[in-house]
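There are 2 protein chains.
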Amino acid sequence: MTRAIFYHAGCPVCTDAEQMVLNYLDRSKVELEIVNFATDRSRIAEAEHLGVKSVPALVLDGTVYHINFGAGLDDVKKG
Amino acid sequence: MTRAIFYHAGCPVCTDAEQMVLNYLDRSKVELEIVNFATDRSRIAEAEHLGVKSVPALVLDGTVYHINFGAGLDDVKKG
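Read top to bottom, the protein sequences are chains W and R.
Quick note on our numbering: the first sequence kicks off at 1 and runs consecutively.
Quick note on our numbering: the second sequence kicks off at 80 and runs consecutively.
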C-alpha cells in the first residue's frame, strides 16, 4: 500500500478537494490519512518538512501535490 | 462512471502529476482521458472554457483541480 496524507485547513477549497480525494483515490492501492490543521495544529511542522507550501495538499508516496489553492502554510501557522 | 480529463503540456511537473493520476485514480469509478496540449492544441479552447488556468489540471465531474504548477495556459497557448 502507498501511504497518502491529505492536509487541509477546513477552507471551502480544502473541503472540495477532500471530497475528490475521498471519493476518487484508489483505496485498494492507497492508505489515506486526512489531517485538518484547524483541529490538529501539531501536524503543521511535519507537513512543512514534507514540502507542503499551501493547503489543500496531498502527499503521496513522498511527493507533494498542491491541489488548487485554499491558504498558504504561513497563514495557517498564524492561525 | 465519472468523467475525468487530465490536461497537461508535457512538462516535468505535468508528467509527474500524470503518473499519480494514472496510478492512483480509482478507475472503477472514473473514466479517464489524458490530453497533451503539446500534441493536441485543438483542445486548449475547451480546457479554457472548463476553467483550466494552468497545467497540469484534472477536470473531474466538471470541477477543475490544478495540481501543482507546470505552466500557465497563456504560455501554453503561445506554444
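Don't be surprised by glycine CBs; every beta carbon is placed ideally from N, CA and C.
Identity of the residue in the options nearest residue i by Cα
i               : options                   : result
F148 of chain R : R:A83, R:D95 and R:M80    : R:D95
F85 of chain R  : R:A150, R:A126 and R:K108 : R:A126
Neighbourhood of residue i by C-beta, 8 Å cutoff - its chain only, sequence neighbours within 5 removed
i              : result
I98 of chain W : For chain W, the structure presents residues 1 to 79; residue 98 of chain W sits outside this window and is missing.
E18 of chain W : F6, H8, I34 and P56
Backbone CA spacing between residue i and residue j [nearest angstrom]
i               : j               : result
D105 of chain R : M20 of chain W  : 11 Å
D140 of chain R : V134 of chain R : 18 Å
I34 of chain W  : S42 of chain W  : 14 Å
A9 of chain W   : R3 of chain W   : 20 Å
L58 of chain W  : C14 of chain W  : 11 Å
S107 of chain R : H49 of chain W  : 34 Å
Y24 of chain W  : D119 of chain R : 26 Å
A150 of chain R : G79 of chain W  : 31 Å
L22 of chain W  : L101 of chain R : 17 Å
Neighbour flag for residue i against chain R, beta carbons, 8 Å
i              : result
A17 of chain W : yes
D75 of chain W : no
V30 of chain W : yes
Y65 of chain W : yes
M1 of chain W  : no
L50 of chain W : no
Interface flag, residue i vs chain W, CB-CB below 8 Å
i               : result
D119 of chain R : no
L104 of chain R : yes
L139 of chain R : yes
N115 of chain R : no
Residues of its chain near residue i, where Cβ-Cβ distance is below 7 Å and the 5 sequence neighbours each way are ignored
i              : result
H66 of chain W : K53, S54 and A57
Cutoff 6 Å; reference residue i; Cβ partners in own chain excluding five residues on either side
i              : result
M80 of chain R : E110
G51 of chain W : V64
C11 of chain W : G70 and A71
Continuous alpha helix (DSSP H) assignments of at least 4 residues falling wholly in the region 97-135 of chain R: Whole alpha helix (DSSP H) segments, 4+ residues: 123-129.
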